[in-house]
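A.B. asks: Each number in our numbering corresponds to the 1-based position in the sequence shown with 150 added. From the three backbone atoms N, C-alpha and C, an ideal C-beta is built for every residue, glycine too.
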Amino acid sequence: MKLLAARRLFRILRVGIRYRLDDLILALPLPWWLRIFRLAMPWRWLPRRNRQLSRGACLRLALQDLGPIFIKFGQLLSTRRDLLPGDIADELMLLQDRVPPFDPQQSMQLIEVQLGAKITQVFSRFDVEPLASASVAQVHAARLKTGEEVVVKVVRPGLKPVISQDLAWLFQLARAAEWLSADARLLRPIDVVADYEKTIYDELDLLREAANASQLRRNFEGSALLYVPQIYWDWCRPKVLVMERIYGIPVTDLATLADQRTDMKLLAERGVEIFFTQVFRDSFFHADMHPGNIFVSTVTPWAPKYIAIDCGIVGSLTPQDQEYLARNLFAFFKRDYRRVAQLHIDSGWVPAQTKLNEFEAAIRTVCEPIFEKPLKDISFGQVLMRLFQTARRFNMEVQPQLVLLQKTLLNIEGLGRQLYPDLDLWSTAQPYLERWMRERMSPKGLLRNAQSQFEQLPYLAGMARDLLERMSEPHRKDAPPPWRRSSKEFALRLVGGILLAVGGVMAGSGTPIDSLQAWPAWAMLAAGLYLVVRG
């Protein structure tokens with residue numbers, strides 16, 4: 151493994167030198183000694199082979215040569231035109247669905263092996279030339295024997311060894327960072343790489359993608375906002391996926407969208423609504439929403455509807471993370487920095503001993519200048535990153551469960567501003583968040599939350615019994631055994647022990663102390679303690 155990792159590092163360096171990516175680094179504001187060090191590198195004096203290529207093309211080709219992990223990084227960068235020069239963003243957009251395909255004959259062989267049948271036995275028509283090609287897989291158009299128009303997705307061969315080598319280097323860099331820097335340890339780089347390792351390997355399993363797509367389709371069944379293609383499970387395998395073929399306009403084809411008189415403002419706002427619906431209503435969100443995976447239906451341009459494909463990467467949040475995130479956003483846009491600081495402490499994102507006043511002042515210093523701009527000019531993604539960067543000064547640890555959320559939010563925001571530059575993301579999201587918070591705090595929502603926690607009672611019976619036995623142990627040699635005590639005392643302690651156990655689990659679930667949802671837990675703890683002591 152070490153030999154393979156060394157060979158992979160050599161290849162990364164060779165690709166970087168071939169496309170002279172150090173020219174991009176030189177454009178950054180580097181200290182003078184780094185510039186001198188860079189000029190001393192021997193490859194600076196070798197003849198250039200790619201003088202005719204632009205800097206954006208060099209970066210795109212380098213990422214393309216290095217494989218899926220680097221291609222996905224380029225896909226993410228391509229959505230942030232506000233952060234990149236236009237020429238580089240234009241080139242990186244080509245990585246979204248125009249990665250060079252692999253041999254179609256090899257693709258057909260892989261499909262036949264996976265399905266255990268000849269192409270002609272399953273499909274009445276199969277297009278040999280790929281319809282599209284991306285970092286992990288490519289797709290072919292086809293028609294099933296039953297007449298349905300479909301696309302067949304097949305995973306690229308030989309990906310796993312390359313990904314393993316890249317991940318090995320990422321883990322080595324993460325370990326080195328944790329060893330060298332206390333600040334890096336707060337970022338938990340090893341956990342972040344481990345989380346990405348799981349994500350990228352999950353994406354290689356097309357059965358998992360099919361299951362994700364089916365779930366997302368159910369969540370938006372009958373919705374006017376989003377359509378997800380149907381999965382044909384009879385022909386899905388770990389390396390092959392067959393799904394309904396969709397016909398739509400690529401979301402970045404602004405000219406065609408304008409020609410059909412698409413309501414661009416509504417299209418951008420609906421993209422935001424879809425994101426918040428997935429995160430807060432369903433806690434199941436498409437986490438790879440780069441423009442290559444999103445289309446717009448041609449049916450009702452005055453009420454545009456999205457079409458989403460490629461559900462290989464999905465994310466979710468716990469109810470506690472959902473609530474803390476919503477409360478943080480509300481407090482931030484009300485400029486209630488003390489509340490933002492307190493929520494970070496309550497959630498455990500920063501240590502409990504953090505000085506609230508100092509933390510509040512740091513957040514105010516970073517965030518207050520933002521409000522000198524119109525709300526529509528405030529970057530939601532940048533807000534979150536600024537908050538987390540400030541919190542890291544106070545020993546905040548990176549929350550791996552929020553990494554996918556940040557990535558997706560950056561994608562959505564970049565896409566929304568590309569569709570409608572005057573998009574006011576906050577005014578679009580605010581009504582939805584307010585409605586979600588009202589429903590969560592309503593009596594019905596509280597009852598639903600309490601019901602879900604009470605469902606744990608059968609599993610807590612053993613805990614209550616053990617607790618009761620420990621409380622009933624004799625403290626003196628002459629103390630009567632539990633079975634000789636009064637039945638009333640025993641019953642009181644039994645009920646009290648159960649209430650303590652259930653209340654303890656509910657209180658430890660992460661619900662804020664000042665939330666209305668916390669009162670059932672504290673009531674149970676108080677009642678249980680009273681019964682145990684009285685018994």
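Tell whether a beta-carbon distance below 9 Å holds between V305 and A287.
C.D. replies: Residue 305 sits at position 155 when you count from the first residue of the sequence shown. Residue 287 sits at position 137 when you count from the first residue of the sequence shown. Closer than 9 Å, so yes.
A.B. asks: Less than 9 Å between CB atoms is the rule here; does P581 satisfy it with respect to chain B?
C.D. replies: Of the protein chains in the structure, only one exists, and it is not chain B.
A.B. asks: For Y570 and R420, I'd like the C-alpha separation in whole angstroms.
C.D. replies: Counted from its first residue, the sequence shown places residue 570 at position 420. Counted from its first residue, the sequence shown places residue 420 at position 270. Cα to Cα, the separation comes out at about 12 Å.
A.B. asks: I need the straight-line Cα distance from R157 to V249, nearest angstrom please.
C.D. replies: Translated into positions along the sequence shown, residue 157 becomes position 7. Translated into positions along the sequence shown, residue 249 becomes position 99. Each residue's Cα considered, the two are about 24 Å apart.
A.B. asks: Would DSSP call R387 helix, strand or coil?
C.D. replies: Looking up residue 387 in the sequence shown gives position 237. In the structure shown, R387 sits in a strand (DSSP, three-state: E or B).
A.B. asks: Can the beta-carbon of Q365 be found less than 9 Å from the beta-carbon of F434?
C.D. replies: For the purposes of this step, residue 365 is taken as the residue at position 215 of the sequence shown. For the purposes of this step, residue 434 is taken as the residue at position 284 of the sequence shown. Contact: yes.
A.B. asks: The alpha helix (DSSP H) with S257 in it runs from where to where?
C.D. replies: For the purposes of this step, residue 257 is taken as the residue at position 107 of the sequence shown. Start and end: P254 to L265.
A.B. asks: Should D438 be listed as close to the ligand NAP, given that the test is whether its C-beta is under 8 Å from any heavy atom?
C.D. replies: As far as ligands go, the structure on display features none, and thus does not contain the ligand NAP.
A.B. asks: With a 10 Å radius around its C-beta and 16 neighbouring C-beta atoms as the bar for buried, classify E359 as buried or exposed.
C.D. replies: The residue labelled residue 359 in the question sits at position 209 within the sequence shown. E359 comes out buried.
A.B. asks: Measure the Cβ-Cβ separation of L475 and V429 and say whether it is below 9 Å.
C.D. replies: Here residue 475 corresponds to residue number 325 of the sequence shown, with the count starting at 1. Here residue 429 corresponds to residue number 279 of the sequence shown, with the count starting at 1. In this structure, V429 lies closer than 9 Å to L475 by Cβ.
A.B. asks: Can you grab the Cα-Cα spacing for the pair P581 / L213, in whole Å?
C.D. replies: Stepping through the sequence shown from its first residue, residue 581 is reached at position 431. Stepping through the sequence shown from its first residue, residue 213 is reached at position 63. Roughly 40 Å separates the two Cα atoms.
A.B. asks: Please say whether A579 and E423 have beta carbons closer to each other than 9 Å?
C.D. replies: The sequence position of residue 423 within the sequence shown is 273, counting from 1. The sequence position of residue 579 within the sequence shown is 429, counting from 1. Yes, they are a contact pair.
A.B. asks: Could you tell me which of S283, N545, P454 and I350 sits nearest to F509, measuring between CA atoms?
C.D. replies: Walking along the sequence shown from the start, residue 509 turns up at place 359. Measuring from the Cα of F509, the nearest candidate turns out to be N545.
A.B. asks: With C-beta atoms as the reference, is L265 less than 9 Å away from R210?
C.D. replies: As a position in the sequence shown, residue 265 is number 115, starting the count at 1. As a position in the sequence shown, residue 210 is number 60, starting the count at 1. Not in contact: L265 and R210 (Cβ atoms no closer than 9 Å).
A.B. asks: Where does V304 sit, in a helix, a strand or coil, going by DSSP?
C.D. replies: If you number the sequence shown from 1, residue 304 lands on position 154. V304 falls in the strand class under three-state DSSP.
A.B. asks: Since M393 sits in a beta bridge, which residues does DSSP pair it with?
C.D. replies: What you label residue 393 is simply residue 243 of the sequence shown in a count that begins at 1. In the DSSP output, where bridge partners are listed per residue, M393 has V301 and I381.
A.B. asks: Could you give the distance in angstroms between the alpha-carbon of V390 and the alpha-carbon of R367?
C.D. replies: Counting from 1 along the sequence shown, the entry for residue 390 is found at position 240. Counting from 1 along the sequence shown, the entry for residue 367 is found at position 217. Cα-Cα distance, rounded: 19 Å.
A.B. asks: Thinking C-alpha only, which one of F252, L323, G297 and W586 is nearest P469?
C.D. replies: Numbered from its first residue, the sequence shown carries residue 469 at position 319. Closest option to P469, Cα to Cα, is W586.
A.B. asks: Under 8 Å, with one C-beta from each stretch per pair, do the stretch 391-398 and the stretch 282-300 reach the 3-pair mark?
C.D. replies: yes
A.B. asks: Name the DSSP beta bridge partners of F273, please?
C.D. replies: By 1-based counting over the sequence shown, the position of residue 273 is 123. DSSP lists L294 as partners of F273.
A.B. asks: Could you check which residue in A239, F483, M439 and Q568 has the C-alpha nearest to that of G462?
C.D. replies: Locating residue 462 in the sequence shown gives position 312, where the first residue counts as 1. Nearest option by C-alpha distance: M439.
A.B. asks: Thinking C-beta only, is P235 closer than 9 Å to P254?
C.D. replies: Walking along the sequence shown from the start, residue 254 turns up at place 104. Walking along the sequence shown from the start, residue 235 turns up at place 85. Judged by beta-carbon spacing, P235 lies beyond the 9 Å limit of P254, meaning their Cβ atoms are not closer than that value.
A.B. asks: Please look up how many angstroms separate the CB atoms of L575 and G566, rounded, as I've assumed it's under 8 Å.
C.D. replies: On the sequence shown, residue 575 is found 425 positions in, with the first residue counted as 1. On the sequence shown, residue 566 is found 416 positions in, with the first residue counted as 1. At roughly 7 Å, the Cβ-Cβ gap stays under 8 Å, so L575 and G566 are in contact.
A.B. asks: In chain order, what are the residue ranges of uninterrupted beta strand (DSSP E) at least 3 long that sit wholly in the stretch 440-478?
C.D. replies: 444-446 and 456-458
A.B. asks: Can you give me the C-alpha to C-alpha distance between V401 and T504, rounded to a whole angstrom?
C.D. replies: Along the sequence shown, read from residue 1 onward, the residue named residue 401 stands at position 251. Along the sequence shown, read from residue 1 onward, the residue named residue 504 stands at position 354. One C-alpha to the other measures close to 45 Å.
A.B. asks: Distance check for G564 and L573, CA to CA, integer angstroms please.
C.D. replies: Sequence index remark: in the sequence shown, residue 573 carries index 423 (1-based). Sequence index remark: in the sequence shown, residue 564 carries index 414 (1-based). Computed Cα separation, rounded: 10 Å.
A.B. asks: Spell out the partners DSSP gives I399 in its beta bridges.
C.D. replies: Position 249 of the sequence shown, counted from the first residue, corresponds to residue 399. Note: I399 sits in a beta bridge opposite V446.
A.B. asks: Just grab the DSSP bridge partners of L376 for me.
C.D. replies: By one-based count along the sequence shown, residue 376 stands at place 226. DSSP lists Y456 as partners of L376.
A.B. asks: Is the separation between the beta-carbon of I219 and that of I340 shorter than 9 Å?
C.D. replies: If you number the sequence shown from 1, residue 219 lands on position 69. If you number the sequence shown from 1, residue 340 lands on position 190. No; because the gap between Cβ atoms is not below 9 Å, this pair is not in contact.
A.B. asks: Does DSSP put K627 in a helix, in a strand, or in coil?
C.D. replies: Within the sequence shown, residue 627 is the residue found at index 477, counting from 1. Unreliable positioning characterises K627 in this predicted model, as indicated by a pLDDT of 49, which lies under 50. The coordinate reading is nonetheless provided below. It is coil, neither helix nor strand.
A.B. asks: Taking the alpha helix (DSSP H) that R488 falls in, what are its first and last residues?
C.D. replies: In the sequence shown, the residue the question calls residue 488 occupies position 338. Counting along the chain, the alpha helix (DSSP H) containing R488 begins and ends at Y487 to D496.
A.B. asks: For S274, does the count of other Cβ atoms within 10 angstroms reach 16, so buried, or fall short, so exposed?
C.D. replies: Along the sequence shown, read from residue 1 onward, the residue named residue 274 stands at position 124. So S274 ends up on the exposed side.
A.B. asks: Hey, could you find the ends of the alpha helix (DSSP H) S364 is sitting in?
C.D. replies: In the sequence shown, the residue the question calls residue 364 occupies position 214. S364 -> alpha helix (DSSP H) spans L356 to N369.
A.B. asks: Given this structure, state the Cα-to-Cα distance separating D237 from S204, to the nearest angstrom.
C.D. replies: Here residue 237 is taken as the residue at index 87 of the sequence shown, counted from 1. Here residue 204 is taken as the residue at index 54 of the sequence shown, counted from 1. Rounded to whole angstroms, D237 to S204 spans 8 Å at the Cα level.
A.B. asks: Return the Cβ separation of F370 and I562 in integer angstroms, given the expectation that the two are a contact with Cβ distance under 8 Å.
C.D. replies: Mapped onto the sequence shown, residue 370 falls at position 220. Mapped onto the sequence shown, residue 562 falls at position 412. Not quite, the Cβ-Cβ distance comes to about 16 Å (not below 8 Å), so this is no contact.
A.B. asks: In this structure, how does DSSP classify F434 when only helix, strand and coil are distinguished?
C.D. replies: The sequence position of residue 434 within the sequence shown is 284, counting from 1. In the structure shown, F434 sits in coil (DSSP, three-state: anything other than H, G, I, E or B).
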